[in-house]
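**Q**
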Amino acid sequence: MSLYSSASDYAKDTWLPVYAHQLGEAEGSLLKLLGLSTDSRVRVEGRTFKMKVKTGDDHGFGMMTQGGDFPAPGDIASDEADLELHRFADTIKFDAHEMALLDSLDAAAAPIMQEKMSSSRQRVLRELERQAIMDGTGALAKVASEVGSVITLDVAGAEYTERNPYTWIDDPLRSVYSCVDPTDGTEQTTAADSFTITAINEATNAITCSIDTGGAAAGDLIVNYYGGDAWTSGGAYRSLEMDGLLAMIDDGNTYMGLNRATGSLAFWRSTVLDNSGTNRALTETLIHELMNKTARRSVKGSVLPSEYVGLASPGVFTSYHNLMSTGIRYSVSERPDIGWGGRPFLDMDGVPLYKHISAPRNQILLVHKDSVGFVGPKHDHSSIVKFLDRNGSIFFQANAATGTGYSDAAYAMITGWIGMYTERPRNHARLDDITETAGAY
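Residue numbers (the working numbering): 87 to 527.
(1) Please state whether the Cβ-Cβ distance between ASP221 and ASP336 is less than 9 Å.
(2) Of all the options GLU201, GLU170, ALA163 and PHE174, which has the alpha carbon lying nearest to the alpha carbon of PHE180?
(3) Residues in its own chain within less than 8 Å of PHE482 by CB, not counting five upstream and five downstream?
(4) Tell me where the alpha helix (DSSP H) around GLN483 begins and ends.
(5) Helix, strand or coil: which one does DSSP assign to ASN287?
(6) Using 8 Å as the threshold, is the segment 276-286 in touch with the segment 196-216, meaning 3 or more CB pairs across them?
(7) Let me confirm a value: ASP433 is counted as buried when at least 16 other C-beta atoms fall within 10 Å, else exposed. Which label applies?
(8) Against chain B, with Cβ distances strictly below 9 Å, would LEU239 count as a contact?
(9) Just to confirm the assignment, what range does the alpha helix (DSSP H) spanning ARG516 have?
(10) So which of GLY153, GLY154 and ASP165 has the shortest CA-CA distance to ASP143?
(11) State yes or no: is the C-beta of ALA445 within less than 9 Å of the C-beta of ILE219?
(12) How long is the line joining the alpha carbons of THR364 and ASN448, rounded to whole angstroms?
(13) Can you tell me which of the three DSSP states GLY160 falls into?
(14) Hey, how far is the Cα of GLY110 from the Cα of THR151?
(15) According to DSSP, which residues form a beta bridge with ASP168?
(16) Could you check the C-alpha separation between LEU351 and LEU390 for me, to the nearest Å?
(17) At 3 residues or longer, what runs of the beta strand (DSSP E) sit wholly inside the segment 301-369?
(18) Starting from HIS407 and walking both ways along the alpha helix (DSSP H), at which residues does that stretch end?
(19) What is the DSSP secondary structure of VAL262, reduced to helix, strand or coil?
(20) With a threshold of 16 other CB atoms inside 10 Å of the CB of THR371, please say whether the residue is buried or exposed.
(21) Leaving aside the five residues before and after GLY343 along the sequence, list all residues of the same chain whose C-beta is less than 7 Å from its C-beta, in chain order.
(22) Under the rule that 16 or more other beta-carbon atoms within 10 Å means buried, what is ILE162, buried or exposed?
(23) May I have the straight-line CA-CA distance separating ASN345 from VAL358, to the nearest angstrom?
(24) When the distance is taken between beta carbons, is HIS172 closer than 9 Å to ILE504?
(25) In or out: PHE156 buried (at least 16 other Cβ within 10 Å) or exposed?
(26) So for MET203, helix, strand or coil by DSSP?
(27) Determine which residues share a DSSP beta bridge with HIS454 and list them.
(28) Kindly indicate which three-state DSSP category MET185 falls into: helix, strand or coil?
(29) For GLY387 and TYR394, what's the separation of their Cα atoms in angstroms?
(30) So, at 6 Å on beta carbons, what are the nonlocal neighbours of SER399 in its own chain, with the 5 sequence-adjacent residues on each side left out?
(31) Three-state secondary structure (DSSP) at MET377?
(32) So is MET260 buried or exposed if we call it buried at 16+ other beta carbons inside 10 Å?
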């Protein structure tokens, strides 16, 4: 346990705001497109909050004859779901020279401090946006084979890791990773429990790692490194990451503690239209089917343009652009939408369809904005991201690498709590197995 994980006399964290820039305000971000704000979040006491959710509709409606009986009651069905908070953190190191310059008359280290803190802020935002999209498992890619320091990624199937291996593993030396067993979460590389990626060859799906990857085997998962044994608990795989859109918009997973594959929880399912893992061309028929089924199953019985947004990868967005481009007409004063210019979104049966660089490939996500929200700590009413503060300072003396005492450096630690949820999964939908295409102009 870290000495600073609880940093006050009452074993509760105290905070000093680090920045006011909220996730929902970042132009082009997922949460900006969804119209969400982390300021309007559900505040819960403790890490897990139990809540009642609707899992069945009212059945008490009927037509009556004159003097006839009222319909038999048909109350809604409900179940108990788990609303969870997840803690994130980022640690910044300042050596003694930088600290000394910061205290000098001209504050010569201020630009260094600014750059380090800015980089930390960008990393936190990137990771939270990634988790807001993903399914909460934290799996970034899957191993097909390994030789020496080279892992060949599995891209043959239709799983998220197989279709999106480079969405987040996109830049050598950017992150620190682990290779873990998908069943028990134990680290598999024998040389070390973490590594960086020094080169990526997308043509051969090979990534070169900073260590010998012996021990990794087909089916193992590439995940972010969060410390030893972070991905295992009680002999089973566990993830510390929050559930994002791909966890919400499903019809057969366990979401918020409720197994949607159970017949009695069919009301808790999202609409999913797939093709058993085989990609097919995007057609207007598929779009109409998606919209019609979502409208029939949604709480309001409609898909209103003001309440919904569609998300697609650039390749799927282009497939829809190609599908509709033959019917587009322009006036003399209008700018044509050719290639990637012009329009930030395309109209999809009245709903804006946005291209998002991190959206899952071969899919269209249809999101009901008002049914998606965040979870935050009950007693924290300011920014979700803070510097850890103790006795009025954000700087903590770094412990020595070995033995006792301190090293010649200081740490500043950013941390916070967040969760993401939907209490109406049936308002959302997903169109799977869509072939991505290049533009035809």
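Don't be surprised by glycine CBs; every beta carbon is placed ideally from N, CA and C.
Quantities reported herein were computed from a predicted structural model and do not represent experimental measurements.
**A** Let me lay it out:
(1) Stepping through the sequence shown from its first residue, residue 221 is reached at position 135. Stepping through the sequence shown from its first residue, residue 336 is reached at position 250. Yes, the Cβ-Cβ distance between ASP221 and ASP336 is below 9 Å.
(2) Against the sequence shown, residue 180 aligns to sequence position 94. If you compare the alpha carbons of GLU201, GLU170, ALA163 and PHE174 with that of PHE180, the shortest gap goes to GLU201.
(3) Residue 482 sits at position 396 when you count from the first residue of the sequence shown. Within its own chain, the residues whose Cβ lies closer than 8 Å to the Cβ of PHE482, once the five positions on either side in sequence are excluded, are TYR90, LEU474, ARG476, ALA496, TYR497, ALA498 and MET499, listed in chain order.
(4) Residue numbering aside, residue 483 sits at position 397 when the sequence shown is read from its first letter. Segment 482-485 is the beta strand (DSSP E) holding GLN483; no alpha helix (DSSP H) there.
(5) As a first step, residue 287 is located in the sequence shown; it is residue number 201 there, counting from the start. Reduced to three states, the DSSP call for ASN287 is strand.
(6) no
(7) Here residue 433 is taken as the residue at index 347 of the sequence shown, counted from 1. Per the 10 Å Cβ criterion, exposed.
(8) Protein chains in the displayed structure number just one, and chain B is not present.
(9) Walking along the sequence shown from the start, residue 516 turns up at place 430. No alpha helix (DSSP H) contains ARG516, which is instead part of the beta strand (DSSP E) from 515-517.
(10) Within the sequence shown, numbered from 1, the residue matching residue 143 stands at position 57. If we check each option's Cα against that of ASP143, ASP165 comes out closest.
(11) Position 359 of the sequence shown, counting from 1, holds the residue named residue 445. Position 133 of the sequence shown, counting from 1, holds the residue named residue 219. Yes, the pair counts as a contact, with Cβ atoms nearer than the cut-off.
(12) On the sequence shown, position 278 is the one that residue 364 refers to. On the sequence shown, position 362 is the one that residue 448 refers to. In a straight line, the C-alpha of THR364 is about 10 Å away from that of ASN448.
(13) Along the sequence shown, one-based indexing puts residue 160 at 74. The answer is coil: DSSP assigns GLY160 none of H, G, I, E or B.
(14) By 1-based counting over the sequence shown, the position of residue 110 is 24. By 1-based counting over the sequence shown, the position of residue 151 is 65. With a pLDDT of 43 at GLY110, under the threshold of 50, the modelled position of that residue is not reliable, and the figure given next carries that caveat. Taking C-alpha positions only, GLY110 is separated from THR151 by approximately 53 Å.
(15) Taking the first residue of the sequence shown as position 1, residue 168 is located at position 82. DSSP, once it has assigned bridges, lists LYS136 as partnering ASP168.
(16) The residue labelled residue 351 in the question sits at position 265 within the sequence shown. The residue labelled residue 390 in the question sits at position 304 within the sequence shown. So the alpha carbons of these two residues sit roughly 25 Å apart.
(17) 307-310 and 357-359
(18) Position 321 of the sequence shown holds residue 407. Note, HIS407: alpha helix (DSSP H), 400-411.
(19) Counting from 1 along the sequence shown, the entry for residue 262 is found at position 176. Coil at VAL262, not helix or strand.
(20) In the sequence shown, counting from the first residue as 1, residue 371 sits at position 285. Exposed.
(21) Here the question's residue 343 lines up with position 257 in the sequence shown. Cβ within range, chain order: ALA167 and ASP168.
(22) As a first step, residue 162 is located in the sequence shown; it is residue number 76 there, counting from the start. Exposed: under 16 other Cβ atoms inside 10 Å.
(23) Your numbering for residue 345 matches position 259 in the sequence shown. Your numbering for residue 358 matches position 272 in the sequence shown. Between ASN345 and VAL358, the C-alpha separation is close to 16 Å.
(24) Your numbering for residue 504 matches position 418 in the sequence shown. Your numbering for residue 172 matches position 86 in the sequence shown. Contact: yes.
(25) For the purposes of this step, residue 156 is identified with residue 70 of the sequence shown, where counting begins at 1. Label assigned to PHE156: exposed.
(26) Taking the sequence shown and counting its residues from 1, one reaches residue 203 at position 117. Under the three-state reduction of DSSP, MET203 is assigned to helix.
(27) Numbered from its first residue, the sequence shown carries residue 454 at position 368. HIS454 is bridged by DSSP to TYR394.
(28) Here residue 185 corresponds to residue number 99 of the sequence shown, with the count starting at 1. MET185 falls in the helix class under three-state DSSP.
(29) Translated into the one-based positions of the sequence shown, residue 387 becomes position 301. Translated into the one-based positions of the sequence shown, residue 394 becomes position 308. Distance between the alpha carbons of GLY387 and TYR394: 13 Å.
(30) To locate residue 399, count along the sequence shown from 1; it is residue 313. Correct list, in chain order: ALA445 and ARG447.
(31) Your numbering for residue 377 matches position 291 in the sequence shown. Three-state result, MET377: helix.
(32) To locate residue 260, count along the sequence shown from 1; it is residue 174. It is worth fixing the name first, because residue 260 is Arg in this sequence and not Met. The residue is exposed, with fewer than 16 neighbouring Cβ atoms inside 10 Å.
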